[in-house]
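In my numbering, the protein residues as written are 135 to 207.
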């Protein structure tokens, strides 16, 4: 089933267009929401591990970029 947005788009101002993008029914967000949450959580965990002193010492922080270049080759 398609969702008709023609009337909304034809009379759209900038704020109305932003609301139109965030409309849930038939939205692109519905397709990518789970992946977006997964990537955001993974990024937050990696950033927390790398940037805080709780998980890595200064020596570990110096080794991390070298280790990532070895892994990504």
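Quick reminder that beta carbons are idealized off the backbone N, C-alpha and C, glycines included.
Around residue 195, the same chain offers 184 as residues with beta carbons nearer than 8 Å, after the five sequence neighbours per side are excluded. Residues of the same chain with their beta carbon placed closer than 6 Å to that of residue 155 are lacking, with the five preceding and five following residues left out of the count. For residue 174, the enclosing alpha helix (DSSP H) starts and ends at 162-185.
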